[in-house]
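Protein chains in written order, with this note's numbering: chain A, 11 to 418; chain B, 54 to 342.
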């Protein structure tokens, strides 16, 4: 009898011990599927590739840890990609396919404001949260959508940092020539300058729109030369930034500051232009030099190292990569905070999110865009990107004024 | 006034590239009756050859143009002989489909080989130029215009003064009669397409000097070649030269309209094309057939 009691006690003890370990050690749960249409072919191939790198860096990291922890269950992550051929309408079709056929739990954004705008409609009608990192046009966020969240600073901030920086320089530049492509995003950047620059004491002497994707911008550059502005700003994309810089040299357009919204931050800008890329400024969502105190994931320097280890031929990660990783981090933290894979609960957790990662603070305003993270200004100096403004995160001083073309 | 002169110069210089892109397209269209939607892909292939030779062997980009021409001629000859010739007498829609498909294949082959990075050929004299007071004539577009004119002159010479050129002209005039007098149609067709591709290759080499290229950067040039050929008129090389220069000028002045004029630069060029089609269907310089 005593033996039997002892045996029962032993069984109970083992069982209790076993239960104890299972409640402390997370189990592995269902796989979370994330869906992302990207322009893997077509005109946005380069930027889409950088976006995909950012997503993959995070998915490797989270899966190496077993997955996203929800109520002590680790859910591995799979990101399902489709090629939208850089076509915004196709992107929306594929987003719907990801939801209905691939049963994506959550969505990651495509590349570019145009595709993000069409995809946001799909996210909204299906009530599945989409966290995006590459659509900065505020027009996306002014529609009253509840399921689209952008971790990046909105378009109107892109070149304001350059104006703020210019106001601190001596001799102070006074006139601005603003060139802009005619897509939504570029126009928001440019229009913001049109209203912001005068408040800082600058005079916008030229405001000129051109066709998005134009490769021949000689007449625009000629107009800027005639306007004789101290600051030449361009709001467009990489292709147009390269075209403007080439034409500026050919046509001897000399200005104290050349700053382009998008383009100079990518390594291609320097490889395509060589020494002519020097002195060019751009507004950047992020640079490898910024210093934030991350609540989780990697620090800036660890992030750069992780990127270089995975993509050894690419140099430093540019901001497209960083913001894409940041979108994943926002989604991860929201899922953890929600303690659920339920789409509505995760949406609410995203709306309430306030966390700082290597990319900066991630917090959404009531429209779903991150207006809390500052933009930085970087300048290419001797073929290397340096952060030059604001001074608190800068690693170099602006090289100002830009010398004339024939004195370089 | 100096602004006006500068714009005229810039427009004509920009026209050089359009001339180079247009002549090959016009030849293939005029003789083979194929609107070659793969033209832009062939253009960009030439661009990549120039870029590769410039970065790997440090050859002067203008010296690589003959290499572009020869390489693309071989490719074009093979494409015509092996693929396009099979549908040469099929309705126009089939040639559209086939060349559109070829365009996709070529672009994606380039994407696989070179990736989607922006590539640009920037020689030491890039950006430098002649200066007359406030008027600037940059070297690269100037030499490009010269190269495009030379290319057109060479093509015109070949078409009007050589045996194979006369054969090509004969086919353009009457395919069946040409065959009756013993012209080897398949060979002449393939040479024609090869010549068109060679011109595209040279145009690509020039484009790599002027803008940053990616595998997809050729697509707009197919459309521009189409407009240039219609503007100038089908069937004569000199007509395409006029069309290309006119297109460059129209674009420059369209872009220089105040405010958002540049947004409509393309619309203006296409509008002009429609006007030409309505009033002079044979083009500015074309001959009625």
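Ideal placement from N, C-alpha and C gives every residue a C-beta, glycine not left out.
Leaving out five residues on either side along the sequence, give the residues of the same chain with a beta carbon under 6 angstroms from the beta carbon of residue i.
| i | result |
| --- | --- |
| residue 122/B | 251, 254 and 255 |
| residue 253/A | 225 and 227 |
| residue 335/A | 64, 67 and 68 |
| residue 265/B | 171 and 173 |
| residue 62/A | 48 |
| residue 371/A | 382 and 383 |
Looking at the secondary structure, which residues open and close the beta strand (DSSP E) in which residue i lies?
| i | result |
| --- | --- |
| residue 159/A | 158 to 160 |
| residue 191/B | 188 to 191 |
| residue 313/A | Per DSSP, residue 313/A belongs to no beta strand (DSSP E); it is in the alpha helix (DSSP H), 310 to 320. |
| residue 188/A | 185 to 191 |
| residue 390/A | 386 to 391 |
| residue 372/A | 370 to 373 |
| residue 42/A | 42 to 48 |
| residue 184/B | 182 to 185 |
Near residue i, what residues of its chain come up, given a Cβ to Cβ distance below 7 angstroms and the 5 sequence neighbours on each side ignored?
| i | result |
| --- | --- |
| residue 405/A | 299, 396 and 397 |
| residue 322/B | 280, 300, 303, 304 and 307 |
| residue 196/B | 115 |
| residue 412/A | 265, 266, 267, 268 and 289 |
| residue 149/B | 88 and 90 |
| residue 337/A | 118, 119, 141, 142, 143 and 161 |
Check whether the Cβ atoms of residue i and residue j lie closer than 8 angstroms to each other.
| i | j | result |
| --- | --- | --- |
| residue 257/B | residue 117/B | no |
| residue 276/A | residue 267/B | no |
| residue 51/A | residue 161/B | yes |
| residue 133/A | residue 145/A | no |
| residue 173/A | residue 138/A | no |
| residue 231/A | residue 261/A | yes |
| residue 290/B | residue 338/B | no |
| residue 175/A | residue 295/A | no |
| residue 192/A | residue 316/B | yes |
| residue 275/B | residue 93/B | yes |
| residue 420/A | residue 241/A | The structure shown does not extend to residue 420/A, since chain A is modelled only from 11 to 418, so the question has no answer here. |
| residue 45/A | residue 105/A | yes |
| residue 283/B | residue 70/B | no |
| residue 243/B | residue 217/B | no |
| residue 263/A | residue 220/A | no |
| residue 229/A | residue 63/B | yes |
| residue 380/A | residue 163/A | yes |
| residue 245/A | residue 169/A | yes |
Could you pull the start and end residues of the alpha helix (DSSP H) that residue i belongs to?
| i | result |
| --- | --- |
| residue 130/B | 118 to 135 |
| residue 150/B | 145 to 167 |
| residue 285/B | 272 to 285 |
| residue 248/B | 238 to 263 |
| residue 407/A | Unbroken run through residue 407/A: none, as it is neither H nor E. |
| residue 342/A | 329 to 348 |
| residue 364/A | Taken as a continuous stretch (DSSP letters only), residue 364/A belongs to no alpha helix (DSSP H), being part of the beta strand (DSSP E) at 364 to 367. |
| residue 297/B | 290 to 309 |
| residue 151/A | 148 to 151 |
| residue 68/B | 55 to 85 |
| residue 99/B | 92 to 110 |
| residue 397/A | Premise fails: residue 397/A lies in the beta strand (DSSP E), 394 to 399, not in any alpha helix (DSSP H). |
| residue 326/B | 318 to 332 |
Leaving out the 5 sequence neighbours to the left and right, which residues in its chain are closer than 8 angstroms to residue i when beta-carbon positions are compared?
| i | result |
| --- | --- |
| residue 31/A | The pLDDT assigned to residue 31/A is 47, lower than 50, so where the model puts this residue is not dependable, and the model offers no usable value. |
| residue 419/A | One cannot answer for residue 419/A here, as it falls past the ends of chain A, which runs 11 to 418. |
| residue 388/B | Limits of chain B in this structure are 54 at one end and 342 at the other, which puts residue 388/B out of reach. |
| residue 285/A | 393 and 418 |
| residue 317/A | 63, 67, 324, 326, 327 and 331 |
| residue 81/B | 87, 89, 92, 245, 246 and 249 |
| residue 211/B | 217, 218 and 248 |
| residue 259/B | 69, 70, 73, 118, 197, 200 and 201 |
To test your reading of the DSSP string, which unbroken beta strand (DSSP E) runs of 3 or more residues are found completely within the segment 221 to 291 of chain A? 241 to 245 and 267 to 270
Taking only beta carbons into account, state which residues of the segment 181 to 213 of chain A come closer than 8 angstroms to chain B, listed in chain order. 192
Which residues, taken in chain order from the segment 134 to 157 of chain B, show a beta carbon closer than 8 angstroms to some beta carbon of chain A? Cβ contacts with chain A come from no residue of the segment 134 to 157 of chain B.
Check distances from the C-beta atoms of the segment 405 to 418 of chain A to those of chain B and list, in chain order, the residues that come in under 8 angstroms. Near chain B, meaning a CB-to-CB distance below 8 angstroms, the residues of the segment 405 to 418 of chain A are 415.
Give, in chain order, every residue of the segment 245 to 266 of chain B whose Cβ lies closer than 7 angstroms to some Cβ of chain A. 264 and 265
What residues in the segment 262 to 286 of chain A bring their beta carbon closer than 7 angstroms to a beta carbon of chain B? 262, 278, 282, 283, 284 and 286: these are the residues of the segment 262 to 286 of chain A whose beta carbon lies less than 7 angstroms from some beta carbon of chain B, given in chain order.
Along the segment 38 to 72 of chain A, what residues have a CB closer than 7 angstroms to any CB found in chain B? 51, 52, 53, 55, 56 and 59
For the segment 355 to 371 of chain A, enumerate the residues whose C-beta is nearer than 9 angstroms to any C-beta of chain B, in chain order. Correct list: empty, as no residue qualifies.
Give, in chain order, every unbroken run of the alpha helix (DSSP H) that is at least 4 residues long and sits entirely within the segment 52 to 136 of chain A. 55 to 74, 98 to 110 and 123 to 136
Using a Cβ-Cβ cut-off of less than 8 angstroms, give me the residues of the segment 217 to 251 of chain A that come near chain B, in sequence order. 217, 218, 219, 220, 221, 223, 224, 225, 226, 227, 228, 229, 230, 232, 233, 236, 248 and 249
Mind listing which residues of the segment 58 to 79 of chain B have their C-beta closer than 7 angstroms to chain A's C-betas, in chain order? Identification of residues in the segment 58 to 79 of chain B having a C-beta nearer than 7 angstroms to some C-beta of chain A yields 59, 60, 63 and 67, given in sequence order.
For the segment 160 to 172 of chain B, which residues have a beta carbon sitting closer than 9 angstroms to at least one beta carbon of chain A? 160, 161, 164, 168, 169, 170, 171 and 172
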